[in-house]
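Here's the structure, in structure tokens; my notes come after.
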Amino acid sequence: MAVRLRTLAERYGLELVGDGDVEIDGVCTLANGRAGGISFLANPHYRRHLSQTAASAVIVAEADASDLSTPGLVAQDPYVAYARVAAEFVPAPDAQGSIHARAVIDEGASLGAGVSVAAGAVVAAGARLGDGVSVGANAVIGRDVSIGAQTQLGPNVTLEEGVVIGARCRLHPGVVVGSRGFGLAMDAGRWIEVPQLGTVRVGDDVEIGANTTIDRGAVEDTVIGDDVKIDNLVQIAHNVRIGDHSALAAKVGIAGSSTIGSYCMLGGAVGVAGHLEITDKVMITGMTLVTRSIREPGTYSSGWPVATSGEWRKQVARLRRLGKLEDRVKQLESGA
Amino acid sequence: MAVRLRTLAERYGLELVGDGDVEIDGVCTLANGRAGGISFLANPHYRRHLSQTAASAVIVAEADASDLSTPGLVAQDPYVAYARVAAEFVPAPDAQGSIHARAVIDEGASLGAGVSVAAGAVVAAGARLGDGVSVGANAVIGRDVSIGAQTQLGPNVTLEEGVVIGARCRLHPGVVVGSRGFGLAMDAGRWIEVPQLGTVRVGDDVEIGANTTIDRGAVEDTVIGDDVKIDNLVQIAHNVRIGDHSALAAKVGIAGSSTIGSYCMLGGAVGVAGHLEITDKVMITGMTLVTRSIREPGTYSSGWPVATSGEWRKQVARLRRLGKLEDRVKQLESGA
Amino acid sequence: MAVRLRTLAERYGLELVGDGDVEIDGVCTLANGRAGGISFLANPHYRRHLSQTAASAVIVAEADASDLSTPGLVAQDPYVAYARVAAEFVPAPDAQGSIHARAVIDEGASLGAGVSVAAGAVVAAGARLGDGVSVGANAVIGRDVSIGAQTQLGPNVTLEEGVVIGARCRLHPGVVVGSRGFGLAMDAGRWIEVPQLGTVRVGDDVEIGANTTIDRGAVEDTVIGDDVKIDNLVQIAHNVRIGDHSALAAKVGIAGSSTIGSYCMLGGAVGVAGHLEITDKVMITGMTLVTRSIREPGTYSSGWPVATSGEWRKQVARLRRLGKLEDRVKQLESGA
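Protein chains in written order, with the working numbering: chain A, 480 to 815; chain B, 480 to 815; chain C, 480 to 815.
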């Protein structure tokens with residue numbers, strides 16, 4: 480499945496530099512280039528590899544084209560162009576439209592054209608799977624779940640009753656959508672459950688990472704917008720709303736009823752407390768603790784950066800002495 | 480399945496205000512009220528919606544009863560009353576007592592009356608399932624596991640060998656109970672496994688959230704008390720003990736051999752180091768780092784709250800200069 | 480299955496103290512000793528139990544041998560010796576070499592001698608399982624996955640296409656290896672996927688904890704070295720490399736393309752940002768935020784330790800005032 484560089488240039492509207500007849504059969508990094516591989520330069524950190532790469536071709540921005548030591552493709556955004564070109568080399572998926580004999584599909588489920596259901600998957604009554612949906616092995620689709628066209632569910636995914644998933648989504652293995660929200664009331668010294676009568680509605684083109692969990696709403700629904708991208712092991716509590724095009728890195732947690740705007744980016748393990756509002760276009764760096772609403776777009780952070788343990792202990796002690804230090808300064812001021 | 484407001488008042492011992500003939504067919508929020516919906520006011524933040532809600536009825540505390548613009552129910556604790564009333568509208572579960580033809584149940588397992596086992600679930604020899612237990616699709620119950628009456632296991636749950644689960648528990652999808660504790664010893668530059676010979680004992684009325692993991696004990700058992708409520712993606716290490724009625728929010732992690740008292744509440748992503756003791760009635764706010772035992776009831780916190788990234792960088796720099804600032808103050812004092 | 484203490488001494492090359500005829504049938508703690516149980520003393524914190532334990536025997540270091548109140552075994556490293564002795568009492572695994580009738584194994588998969596596949600497990604075409612591999616119930620093995628001899632996969636594990644797992648590994652329930660890396664490029668206001676064309680290569684003797692996720696590489700592979708030990712709910716992003724003999728506690732997250740050296744130990748919930756390098760023999764305490772490379776072996780920390788919420792709020796306020804405090808000190812200095 481090799482393709483000539485010239486063909487790639489034409490197919491993706493990129494400017495060809497050098498020998499267009501070189502054959503490309505896959506991707507490689509600049510540092511570990513190889514004959515047949517195409518690479519890209521997007522992060523300036525790796526520019527030093529450009530002059531000596533063993534790759535057969537490199538995708539670069541115009542500014543870097545003169546530094547090419549190999550044939551190349553010039554793109555306005557080399558990373559976007561690389562993403563398109565690399566898709567040429569993704570292995571073909573399993574044959575579409577096959578229902579495995581060991582899948583368990585209730586008679587009351589409705590399946591569109593070209594739906595695939597792998598071995599051991601269980602599809603309950605009332606579930607509606609759009610055209611081209613694929614369900615991984617041992618995934619479990621609850622009653623009355625609705626799944627839009629071309630959406631792919633990985634192995635061991637669980638969708639609980641009534642969940643709505645849009646078109647062209649990807650749910651990776653172990654994802655749970657629609658589990659009971661953590662709604663509890665204390666009554667005479669014991670917890671009683673607050674029924675969680677909402678569901679989860681996931682938009683189109685959403686990616687949900689492995690073992691991520693999204694709880695159903697208490698009264699109204701938990702809502703994930705279109706083109707939202709969620710990494711692994713993320714927790715999204717009941718009645719959270721996430722705006723279109725936002726991206727959440729791994730291990731993020733959003734507590735109940737908080738709202739995240741559109742085009743937000745949350746770094747790994749960011750925690751957002753409950754009942755907050757984060758406006759559009761907010762970027763939050765990894766492990767930040769968010770305990771208040773954020774109403775202005777921009778970049779936000781918190782967290783105590785790593786030190787040697789000895790220095791850290793001193794920092795902690797100083798922080799604890801800070802009240803006394805303030806008193807000492809006040810004393811000096813009053814004495815002045 | 481509508482019910483008159485008067486009927487709800489009588490059934491739950493609540494005081495009726497206004498028209499008792501109004502028919503209620505579900506729940507709604509105050510802000511998005513609708514005809515047929517019953518709502519509640521527990522959080523004063525939402526009081527402003529009370530006068531203009533489109534809900535058909537609202538559950539309120541006595542102090543708010545005079546502000547009702549709709550029929551209502553007056554309760555000592557409106558949230559508790561709401562939890563009871565809302566349970567009227569929970570969809571009926573699947574028929575009890577059915578064993579799916581595609582479930583795999585070892586001959587050596589024993590099942591009580593009315594046990595349900597869904598498609599693809601696997602129940603090993605020696606497992607004992609109490610009356611009315613339900614096992615979700617593709618769940619896996621290991622050898623000699625014991626499950627109390629009326630407990631519900633979601634899809635894709637795994638219970639490892641010998642685990643003991645109480646009555647009326649709910650384990651949500653993807654939960655793992657009884658995996659090997661992380662016990663290792665370094666020997667001549669290589670890790671060797673320390674056998675984990677304890678198990679996990681979970682009390683009655685315990686909820687365990689989606690994809691949460693609870694490890695088996697090393698020598699003795701890991702123990703979860705009665706009426707403990709655990710949210711999603713929580714990690715409970717070997718030999719942890721959690722007292723009755725405690726609640727752990729999502730992403731909490733408790734390291735090995737630590738003990739949490741009764742009626743504790745741990746916020747999201749709280750981390751408790753190993754071999755600590757947290758006494759009863761301790762509340763810990765989200766993302767707190769707990770590196771020492773807590774011997775007094777109360778509310779505890781830590782964490783660096785969010786700022787703009789620019790301000791955060793300045794805060795970090797100031798923290799790092801704090802030792803020098805102390806020196807400068809000392810210098811001033813000695814000069815005074 | 481009792482064994483005489485003398486036999487254990489001989490079998491593991493340990494020095495016998497006292498009555499070698501005492502029969503040992505399992506393990507116990509010092510605090511909750513019992514007849515027939517063998518315990519150990521490794522943590523000085525528990526020395527106070529040594530004189531009054533009801534255990535039948537105790538494994539101790541030479542320095543503690545004179546304090547034994549029971550028969551004992553003297554070891555250079557009592558914890559390592561205990562790990563070996565305790566292995567005597569691990570229940571025998573299920574019969575090896577059985578393929579359950581309800582397992583689904585593609586004709587194009589190749590299975591070594593003595594492979595076990597439990598009910599509901601699914602093994603795809605091209606998968607190669609080495610001798611003695613065991614696959615848990617409802618686990619899913621993707622196309623062209625390779626698994627080394629004697630490796631054990633728990634229930635509900637998912638290995639995606641092409642993943643390579645070494646020999647003698649243990650993957651606990653719910654583990655996902657080889658899910659798509661979180662590679663995205665923003666193009667004209669929408670996310671496009673960057674194909675993840677690498678895979679995951681896991682070495683020999685690796686343990687991976689319950690519900691942990693390890694993503695496949697973007698261009699090259701994600702690589703886990705030999706004898707690496709990973710706890711539950713850990714996230715390892717695309718193109719991470721972890722050196723031999725390192726151990727990662729629960730809830731650790733390593734962002735894309737970061738490298739962890741050999742013999743590193745990361746405490747619970749440590750977060751490592753992307754594109755960093757951590758050298759060999761680095762220990763990082765729990766919940767530390769690592770935003771820079773670490774080039775010197777040693778122990779590293781960060782994090783704001785727990786306080787009462789009242790004191791914490793004061794600490795936060797003081798931190799926020801720290802810039803002003805610096806100004807005040809400067810003012811005093813200039814006035815001096």
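From the three backbone atoms N, C-alpha and C, an ideal C-beta is built for every residue, glycine too.
Judged by DSSP in its simplified three-state form, A/S658 adopts strand. B/Y742 sits in coil when the DSSP states are folded into three classes, being neither helix nor strand. A Cβ-Cβ contact shorter than 7 Å links C/V731 with C/V749.
Judged by their CB atoms, C/A554 and C/I538 are nearer to each other than the 7 Å cut-off. Spanning the alpha carbons of A/D759 and C/G633 requires a straight line of approximately 42 Å. The Cβ-Cβ distance between B/D666 and B/G641 does not fall below 7 Å.
Three or more beta-carbon pairs drawn from the region 782-799 of chain A and the region 765-783 of chain C are found closer than 8 Å, and the two stretches are therefore classed as touching. Contact fails between the region 666-686 of chain A and the region 688-701 of chain B, because fewer than three Cβ pairs, one in each stretch, are under 8 Å apart. If you look at B/V761, you'll find it in the beta strand (DSSP E) that goes 761-763.
In this structure, C/E805 is the residue among C/A481, C/E805, C/A628, C/D723 with its C-alpha nearest to the C-alpha of B/K793. The C-alpha of B/V559 lies about 14 Å from the C-alpha of B/A488. Secondary structure at A/V679: strand, using DSSP grouped into helix, strand and coil. Looking at the DSSP output, A/Q714 sits in a beta bridge with A/T692, A/G732. Annotated as distal: C/S518 and C/L529, with beta-carbon spacing of 7 Å or more. Note: A/Y779 is bridge-paired with A/I763, B/T787 in the DSSP secondary-structure output. With a threshold of 7 Å between beta carbons, B/W791 makes no contact with chain C. Note that the C-beta distance between B/G747 and B/A734 is not below 7 Å. Our two residues, B/I644 and B/A606, have alpha carbons roughly 11 Å apart in a direct line. If you draw a 10 Å sphere on the C-beta of B/H651, you find 16 or more other C-beta atoms in it, and that means buried. Among the residues facing chain C, B/P674 is included, as its CB has a counterpart in that chain under 7 Å away. Between C/A534 and C/R485, the alpha-carbon positions lie close to 16 Å from each other.
Below the 8 Å Cβ cutoff, chain B contributes A664, D666 as neighbours of C/D556, in chain order.
Neighbourhood of B/C743 in chain A, by CB distance below 7 Å: empty, with the nearest CB roughly 13 Å away.
Residue nearest to A/A618 within the set B/N635, B/G814, B/T532, B/G497 is B/N635 (criterion: CA-CA distance). Nearest C-alpha to C/G492 among C/D500, C/P557, C/N522: C/P557. Between C/V564 and A/G599, the CB-CB gap reaches or exceeds 7 Å.
A/V602 is bridged by DSSP to A/I584, A/I620.
DSSP places A/A521 in the coil class of the three-state scheme, outside both helix and strand. In this structure, the straight-line span from the alpha carbon of B/I687 to that of B/Y742 is close to 16 Å. Burial check for A/R669: the Cβ neighbour count within 10 Å stays below 16, so the residue is exposed. Residue pairing from DSSP leaves C/R774 without any beta-bridge partner.
If you check the CB distance, A/G662 and A/A697 come in under 7 Å. At a cut-off of 7 Å between beta-carbon atoms, C/V602 makes no contact with chain B.
With fewer than 16 other Cβ atoms inside 10 Å of its own Cβ, B/G777 counts as exposed. Within the region 762-796 of chain C, the residues whose Cβ lies closer than 7 Å to some Cβ of chain B are G765, M766, G782, W783, P784, V785, A786, T787, S788, W791, V795, listed in chain order. In the three-state DSSP reduction, C/E494 falls in the strand class (E or B).
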